[in-house]
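See structure below.
Residue numbers (my numbering), protein chains in the order written: chain A, 1 to 302; chain Z, 1001 to 1271.
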């Protein structure tokens, strides 16, 4: 009965007009949205970097001038290397710190591992700015840490630990604090999916725990380590909020330079666009190189 | 009993390390909490007395409340947008076969890896080029883009989990694809939809980098907070708000996660 009804031409015609979830219907809107508000905007930045578009009145056209100046400037490139070094140190440090945490949660056989994982990750899901604010309160010359030390007599009031705040150290400490919980997640997922029978086999064959770790566990958790590293390295490389709040002049990063070039002082959108596209290019290359380690399912907590 | 992964001492050491790190993660938040009740305009030790003054002051601060309201509107609009786009994309990725799928999924997830700074500037230049004035709407547009991959990452595993034969059965019985989605798929993925919504909402509510480039005259909460951080006399008040927002967001996040697990377990049992 229902099959006959479905096959009737009238119903078929009605179906023709009805909105249905075909693949183009499904993907049309998301892809159009990303094209207009994601890809085109990036193309416009590229156009600015080649002076195809410009905020300066007067004639302008395609030129590599800003790119040439950038690649020959010691200022921008050394600032970029400084930022690379800072993000590398932060990312490597917290991956090292997070690995034993993830290892403990995934392999120690603790019953409450998901509760503990949530406990670890919860701070990451709270406000970014407020966590930076907390460190501003703690690290200042008259801040919580120094005033606590003076109050308890551990340090004389005339000699607070200076330069805690507004330094490269402060930037790296805060970035590490902010990203540490997040880093544990992909490592946990890769260790969690590890087949424990492999470890038992290694043990039966006479491997010590250390050998089993080096030959079995560590290699199998490498994808998680790479994913974790990349997911911290990328955002910290382009960071500008934390350094502008706790970095002072010595913690000034590449991202701050970009913001300043688009700022209200002496805007130079052409140079700013070059710096932005360069950063995007570096990140893009890194992502493609690491792409095989970045299967989407490895970064979701399940 | 010996364990293949950890010796007893090793497990003990790791547990101690875990506790230490958790303390390190929560200590700054606790310190904020303490100073929010401290009766002094400068957050430093020794504490000078207990007060609700800063909380009262923040309740009377209309700029601050306006910023919270603006952020709530932006977050609500952008998370609805991101979830709708996310559901459409996730269904296409898990239920349809088409050419260039890996390229499409790479594009859909690519906002995850773009530095937000670069994306904020890109949007700024787009709107400048089009002559679109900056407003709440321009922030919403940006936040939909950055929340979209998160919603997809939450929805895809759930869609993979549920039994496709349920949908095929509905389709065979004459339901349209849309009807199948409404009656079968949506109820089954609802917990993941809610959790995607909450993730998108909190992402937007907390987002500073992109918003800082495209925000109009009505400030969002993070933008307001950032500017307030430059005035030391507002610090205790900001700390009080900080505590409220931190506690609220922690509660929402934990409730959402627990809720999702419970709901999915029930649905799992029903399947």
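Virtual Cβ for every residue (Gly too), placed ideally from N, Cα, C. Model, not experiment: these values are computed from the prediction.
Could you compute how far the alpha carbon of residue i sits from the alpha carbon of residue j?
i                       : j                       : result
residue 128 of chain A  : residue 1225 of chain Z : 11 Å
residue 31 of chain A   : residue 1124 of chain Z : 20 Å
residue 1106 of chain Z : residue 198 of chain A  : 33 Å
residue 77 of chain A   : residue 1243 of chain Z : 40 Å
residue 74 of chain A   : residue 165 of chain A  : 27 Å
residue 1188 of chain Z : residue 1156 of chain Z : 13 Å
residue 1006 of chain Z : residue 1029 of chain Z : 32 Å
residue 1043 of chain Z : residue 1073 of chain Z : 32 Å
residue 139 of chain A  : residue 169 of chain A  : 11 Å
residue 231 of chain A  : residue 136 of chain A  : 25 Å
residue 1120 of chain Z : residue 1114 of chain Z : 10 Å
residue 200 of chain A  : residue 125 of chain A  : 36 Å
residue 1087 of chain Z : residue 21 of chain A   : 12 Å
residue 1134 of chain Z : residue 44 of chain A   : 17 Å
residue 108 of chain A  : residue 63 of chain A   : 60 Å
residue 185 of chain A  : residue 228 of chain A  : 8 Å
residue 94 of chain A   : residue 203 of chain A  : 30 Å
residue 163 of chain A  : residue 82 of chain A   : 19 Å
residue 220 of chain A  : residue 1174 of chain Z : 47 Å
residue 1059 of chain Z : residue 1239 of chain Z : 13 Å
residue 55 of chain A   : residue 1129 of chain Z : 10 Å
residue 1014 of chain Z : residue 1021 of chain Z : 10 Å
residue 1099 of chain Z : residue 1177 of chain Z : 20 Å
With distances taken Cα to Cα, identify the nearest neighbour of residue i among the options.
i                       : options                        : result
residue 1259 of chain Z : Z:1206, Z:1227, Z:1235, Z:1192 : Z:1192
residue 1137 of chain Z : Z:1184, Z:1241, Z:1071         : Z:1071
residue 155 of chain A  : A:215, A:265, A:141            : A:141
residue 161 of chain A  : A:168, A:171, A:150            : A:150
residue 88 of chain A   : A:226, A:246, A:278            : A:226
residue 218 of chain A  : A:43, A:283, A:100             : A:100
residue 1276 of chain Z : Z:1154, Z:1153, Z:1061, Z:1168 : The question about residue 1276 of chain Z has no answer, for chain Z in this structure spans 1001 to 1271.
residue 1019 of chain Z : A:43, A:194, A:174, A:98       : A:98
residue 1139 of chain Z : Z:1256, Z:1052, Z:1023, Z:1216 : Z:1216
residue 951 of chain Z  : Z:1052, Z:1035, Z:1077         : The structure shown does not extend to residue 951 of chain Z, since chain Z is modelled only from 1001 to 1271, so the question has no answer here.
residue 236 of chain A  : A:266, A:254, A:163            : A:254
residue 275 of chain A  : A:66, A:35, A:36               : A:66
residue 113 of chain A  : A:264, A:191, A:28             : A:191
residue 60 of chain A   : A:27, A:153, A:48, A:34        : A:48
residue 1154 of chain Z : Z:1055, Z:1194, Z:1092, Z:1013 : Z:1194
residue 1190 of chain Z : Z:1176, Z:1263, Z:1091         : Z:1263
residue 246 of chain A  : A:172, A:224, A:195, A:267     : A:172
residue 84 of chain A   : A:177, A:283, A:193            : A:283
In three-state terms, what does DSSP make of residue i?
i                       : result
residue 1254 of chain Z : helix
residue 1197 of chain Z : helix
residue 303 of chain A  : The shown model of chain A, from 1 to 302, leaves out residue 303 of chain A, and the question about it has no answer.
residue 1144 of chain Z : helix
residue 161 of chain A  : coil
residue 240 of chain A  : coil
residue 260 of chain A  : helix
residue 1162 of chain Z : coil
residue 1129 of chain Z : helix
residue 84 of chain A   : helix
residue 1208 of chain Z : coil
residue 1063 of chain Z : helix
residue 1010 of chain Z : helix
residue 1025 of chain Z : helix
residue 268 of chain A  : coil
residue 204 of chain A  : helix
residue 1017 of chain Z : helix
residue 1280 of chain Z : There is simply no residue 1280 of chain Z to check, as chain Z begins at 1001 and stops at 1271 in what is shown.
residue 1234 of chain Z : helix
Go through its chain and collect everything with a Cβ distance to residue i's Cβ below 8 Å, but skip five positions before and after it.
i                       : result
residue 252 of chain A  : 79, 243
residue 1202 of chain Z : 1075, 1249, 1252, 1253
residue 46 of chain A   : 273, 277
Name, in chain order, the residues that DSSP records as bridge partners for residue i.
i                       : result
residue 1038 of chain Z : Z:1050
Identify, in the order they occur along the chain, each residue of the same chain with its Cβ nearer than 7 Å to the Cβ of residue i, setting aside the five sequence neighbours on each side.
i                       : result
residue 1041 of chain Z : 1233, 1236
residue 256 of chain A  : 240, 243, 244
residue 262 of chain A  : 269, 272
residue 1274 of chain Z : Lying outside 1001 to 1271, the shown extent of chain Z, residue 1274 of chain Z is not represented and no answer is given.
residue 1206 of chain Z : 1222
Spatial neighbours of residue i within its chain, please: C-beta separation below 6 Å, excluding the five flanking residues on both sides.
i                       : result
residue 188 of chain A  : 102, 105, 106
residue 1272 of chain Z : One cannot answer for residue 1272 of chain Z here, as it falls past the ends of chain Z, which runs 1001 to 1271.
residue 1047 of chain Z : 1038
residue 1149 of chain Z : 1109, 1111, 1112
residue 1003 of chain Z : none
At a CB-CB cut-off below 8 Å, which residues of chain B make contact with residue i?
i                      : result
residue 155 of chain A : Of the chains in the structure shown, none is chain B; the protein chains are A and Z.
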